[in-house]
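To keep things clear, I will list the structure first and then write my remarks on it.
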Amino acid sequence: MSEASEEAKKSVFEAFDTAKSSNASFNRSLKLLEKANATDSKSFLEVFLTCLNRILLVYTKDPKAERLVNFVVKFVNSKFEVLFGDSPVDLFTVIVAYLIQHSSASEKSIRYRCCQILAEILQNREEESEISEELWNAITHTMQIRCRDRISSVRSQALRALSRMQDPYEAEDPITRTFLQLLKNDTAPSVRSTALHYVAISDQSLPLIIQRTRDTSEEVRIQAYMVLREKVDPRALSIQQRITILRDGLKSRSQNVRRCCVGMLKQGWLEGSCESNLTKLVKLLDVETNEENAVIILQALFRESDIPVTVDVNELSNETAIILKAKIAHYRECSDESSIDLFIPSVQVYCDILVYFHRHSFIARQLLDISEYLDFGDEAGRIHFLRIIKQFLLDQQLDTEIIPNLVRAWSRCENNNVSFVAACLELLGELSTSEEFVDGVSAVERGLAILKELLTIQGQGDCSSNPCPEELVDSFVQQGLVSTKQKIRLLAVECLGLFCIQDAEVVRMQHLPLFLQICNSDTEELQIVAMKTLFDILLCTKWQRRGETCELDGENSSISSSVKSEHAEKIEADCLTFLAERLTSNSVNIRTCAVEGFAKLLLTRRIPTSVTILSCLLLLYFDPFTEDDFNLRQCLSVFFPVFSISFLENVLLIEKCFFSVINTILDAPPSKSLSEASVLQVAEYLLYLTNASASYPRSEQLNDIQDQAQRVHERICCLLLHGIIDDPDGRKAREFSKILNFLRINITEMQDSFKQEIRDLLFLAKEHATMRPVITNIRRFENRIFSANVLCDTSERSNMDAGGAECSS
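First residue of the sequence shown? That's 1479 in the numbering used here, and the numbers climb one at a time after it.
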C-alpha cells in the first residue's frame, strides 16, 4: 500500500473516531474526510465503506453508533464527489446504491441500519436536489420490500425512507397504498405510529388517521392526536368526526392521551384554526345536536387554561349560551363561588332574560339549566320565577323540548318536594280538564312531557312520598296511545312504564298485556321502549321462582308461587317467553335490547335460570352474524365472566349449556353463519368460565353445590370421551378430542371413582378411534394428566404392595 493510501486510511479512521465522541466534532471530522479524499480518492471510498460496514453491524441504539449514523448522513448530503473507477461520481449515489444492495442481508442489524441511514439521508436531502429516475425506482422498490420485513424496526425505517416519495394526489400511488396498509393492519405499534407520523394527508388517509385515535396502543393514539393537531384543519373534518375524536380522547383512560387531546383542541383548533375565538370553535361542534359533548369539551378546555369569557346576555346565541353554561359549571366544579357571582344575575334580571329568549328553545334550555346556581333567597324573585315557569308550561306555542328543563327548574325552586308535586299535579289536572286536551294535540303532548319528567324525578328518590294518582296517569296515557303522532305515543309508553315501576304490583299486572301488544304491533322505536319497560318491571319485581324459594336483594323470600294468581303467573310466563323470542329478532336494536335485558335479569337472579336463554346468549356472542353489533358483544363480554363468578349455581348452569352450544355449532348447516364459528374458541371460553370455581379453596366440608362446581371439568371430560366412543369417525370426535386438552384437571384431587371411569373411557376411546389426529389428541391428554406414578393397575398395585413397594401419586 502506498504512502498516500496509508495516510488516507489513517485520516478516515481518525474522522470516524472523532465523530463518535460528540456532535460538535463533526466539522473537524468532515475536514479529515475531505483531506483523505484529496490524498487518495480511490482508497478513500474503500476505507469509508469499511467503516460504514462496522456501523451496519450494530443493532442496538448505542449513542456512539447513532452519532456515527448522523455523521455519515451529513457527509453524504454535502455534495461530495469521489472517484469510482476512473471517473468522479456523486457520493450520494454511491452510498445509496450500496445501502440498497445490502438492505436484503440476512442479518437484521444490517437491514435495519441500511434502511435507517437511507431514511436519514433522504429526510435531510435538500428540497431542490434531484435523484435519477433509475435510483428513485431502486429506492422505492427496495424499501417497499423492506416494508414487509419480519422485524418491526426495519419496517419503520423503510417507511421513513419512503415518506418523501409519496404522491397524495394520486389515488393509486403504490407508496401511499403501502403507508395505508401498514397504518391499518400492521401488528407493531411502532410501525403504525411511524406510518401515522409520515403518511401524507389525503382523502384516503384521513379516515385511517381518525381510526387510530381508538388504537389499542397508547403510543399510537398519542401520535394520532399529534398528527391531527399539526397537519389537519378541523374544518376538513365532518362534525361527527370532530365530536368522535374529542369525545374518545377526553374519555381515554390514559392521562397522556387526554393531555394530548386537550393540546390538539387548544393549540391546534382554538389558537390555530379558530384564531383564539372560542365562539368559532364551538360553532365547529354543532352544539344543538351535540349539547352534552360540547359541555364536556368546553369544561376540559377550561380545566387546561383559564380562558377569559365575555358574554353579552342581550345578544345570546346558541354558542355563547353553551359557553356560559360550561364556564359556570367549571367554576362550580372548582368551588369558585366568587367567579360564579360574576356571571349570575339576580333572579328578577334572570327572569327578564328568560322571558326574552323563551322562544329560542336551545338558549332557553341553557338558561334554565343555569337556574341551578341562582340564589332563591329573594322570595319575590322566587315567586316571580315560579309564575313564569307555569306560564311557559301552559303556553301552546312553547317547544315541548324545553318542558323537561322547565320542570327540573321548577323542582329546584320549590321550598320542598311535597309542594312541588302538589303544584305539578294541580297543573296536570288543569290540562286534563281543559277543552284543548280533548280536541288538540299540544296539550296532550305537553301534559305527557310534564308527567314523564315528574315521574322521573320521583323515581330518582325525590318526592316518592306523594305518588301520582292512577286516574290522572291513565287519562294522559290513553289520549297519548291513540294519537297518530309517534312522538306522543312514545311519551305515553314511557310515562306508563315509569308509573308501573313505581306503583303496586297489581297495576303492573294490569298494564303488562298492553306492553306486549305494543311490542308486537307498533314501530321499532316504541317496541324497544316497551321491551325496556318490561325488563325494568321484571328487575323491580320480586317474582318468585316456581316451586322454589329464592333470595333477592339480600332478603330471604319464602313466599310460595301459589300466592300469585293464575292470571299473574300466566302473564309472567307470556312476558318471559315473548322477550326470549326477541333474542333471535332480525332487528339489531331489538336483539340488542333483549340481550341487555336478559343479562341484567340473569345477573340479578330476578327470573329462574334457563339453559335455553343462556345457550342463546352464548350462541349470539360467538355467531359471526353479530360481529358488527358492538353493543351486544360489549354487553355479553362483560356479562359472562361476572355471571360465572357470582354464584356457584351459575357455573353448573354453564356446564349444562356446554354440549348444547357445542353441538348446535357443529350441527349448523353451512348456509348459516353460525357454522363459521370456531368450536375450539367457544369450548375454550366455556371451560374458562366453568373454571371460575377454582378460586374457591377445596376442603372436605363442601356442600353439594360446591362439590359439584369443583368437578365440572371432570364430568365434561367423561361426556367428551363418551361422544368420541359413540361416533369415532365423525367430525365431533375430532373436535371433542381437541377440546380434551383445554380441560383443567388436577389428578391428585380427583375422586377415585372419576379416576377409574376416565381411565376406562380413555381405553375405550383409543380402541374405537380410527383417525390418527383423534388418537394423538387422546394420548396427549392421557399423558398430561396421568403417569405411571399416578394411576396404576389394580394387579400391579397388589404386587407392589406385596413386595413392600408403594404406588405414589
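Even glycine gets a Cβ: it sits at the ideal position worked out from N, Cα and C. None of the values given here were measured: they were computed from a predicted structure.
* Asked: DSSP beta-bridge partners for glutamate 1559?
  -> Asp1568
* Assign glutamine 1875 to one of three DSSP states: helix, strand, or coil. => coil
* Count the CB pairs spanning the stretch 1870-1880 and the stretch 1831-1847 that are closer than 8 Å, and state whether there are at least three. => yes
* From alanine 2077 to arginine 1591, what distance separates their C-alpha atoms? -> 55 Å
* When Ser1507, Ser1500, Ser1499, Ser1503 are compared against alanine 1486, the one with the closest alpha-carbon -> Ser1507
* Would you kindly check if the distance between the Cβ of threonine 2168 and the Cβ of glutamate 2133 is under 8 Å? => yes
* **Cβ shell of threonine 1437 (< 8 Å), same chain only, five flanking positions each side left out** => Nothing about residue 1437 can be reported from this structure: the residues present for the chain run from 1479 to 2287 only.
* Stretch pair the stretch 1760-1777 + the stretch 1794-1810: three plus CB contacts closer than 8 Å -> yes
* With a threshold of 16 other CB atoms inside 10 Å of the CB of arginine 1638, please say whether the residue is buried or exposed. => buried
* **Completely contained alpha helix (DSSP H) runs for the stretch 1655-1681, where each covers 4 or more residues** => 1667-1676
* Measure the C-alpha to C-alpha separation of asparagine 2224 and glutamate 2192 and round it to an integer number of angstroms. => 9 Å
* Backbone CA spacing between cysteine 2071 and glutamine 2005 [nearest angstrom] -> 10 Å
* If lysine 1805 sits next to aspartate 1847, beta carbons under 8 Å apart, how far is it from one beta carbon to the other, in whole angstroms? -> In fact, because the Cβ distance is near 13 Å, the residues do not count as touching under 8 Å.
* DSSP state of tyrosine 1809 mapped onto helix, strand, coil -> helix
* Asked: Helix, strand or coil: how does DSSP classify methionine 2228 here?
  -> coil
* Asked: Between cysteine 2018 and glycine 1937, what straight-line distance do the alpha-carbon atoms span, to the nearest angstrom?
  -> 12 Å
* Asked: Pairing CB atoms from the stretch 1744-1763 with CB atoms from the stretch 1711-1726, are three or more of them under 8 Å?
  -> yes
* Asked: Near serine 1912, which residues of its chain fall below 7 Å by C-beta distance, leaving aside the five closest residues on each side in sequence?
  -> Ala1921
* Hey, how far is the Cα of tryptophan 1614 from the Cα of valine 1735? -> 38 Å
* DSSP three-state call for isoleucine 2183: helix, strand or coil? -> helix
* Asked: Counting Cβ pairs, one atom from each stretch, are 3 or more of them under 8 Å apart for the stretch 1706-1714 and the stretch 1655-1671?
  -> no
* With serine 1587 as the anchor, note down where its alpha helix (DSSP H) starts and where it stops. => 1586-1601
* To do: Going by CA-CA distance only, name the one from Cys1752, Ser1783, Ile1688, Ser1634 that's closest to threonine 1722.
  => Ile1688
* To do: Provide the residue span of the alpha helix (DSSP H) that contains aspartate 1819, from first to last.
  => 1815-1821
* May I have a chain-ordered list of the alpha helix (DSSP H) segments no shorter than 4 residues that lie completely inside the stretch 1840-1928? => 1857-1872, 1881-1891, 1895-1911, 1913-1917
* Asked: Distance, Cα to Cα, glutamine 1594 vs serine 1813?
  -> 53 Å
* By DSSP, does asparagine 1755 sit in helix, in strand, or in coil? -> coil
* Take the Cβ of asparagine 1768 as the centre, count every other Cβ of all protein chains shown within 10 Å, and call the residue buried at 16 or more, exposed below. => buried
* N- and C-terminal bounds of the alpha helix (DSSP H) containing valine 1765 -> First-last for valine 1765: undefined, no H or E at that position.
* **Alpha-carbon spacing of alanine 2266 relative to arginine 2250, whole angstroms** => Any answer about alanine 2266 is weak, because its pLDDT of 38 lies below 50 and its placement is not dependable; what the coordinates show is given next. Computed Cα separation, rounded: 24 Å.
* Asked: Are the stretch 1674-1693 and the stretch 1644-1661 touching, with three or more C-beta to C-beta distances below 8 Å?
  -> yes
* Taking DSSP as the reference, what is the three-state secondary structure of glutamine 1988? -> helix
* To the nearest angstrom, how far is it from the Cα of aspartate 1873 to the Cα of valine 1825? -> 22 Å
* To do: Give every residue of the same chain whose Cβ lies closer than 6 Å to the Cβ of leucine 2199, excluding the five residues on either side of it in the sequence, and list them in chain order.
  => Leu2239, Ala2243
* To do: Would you mind sorting asparagine 2064 into buried or exposed? The rule is 16 or more other CB atoms within 10 Å of its CB.
  => exposed
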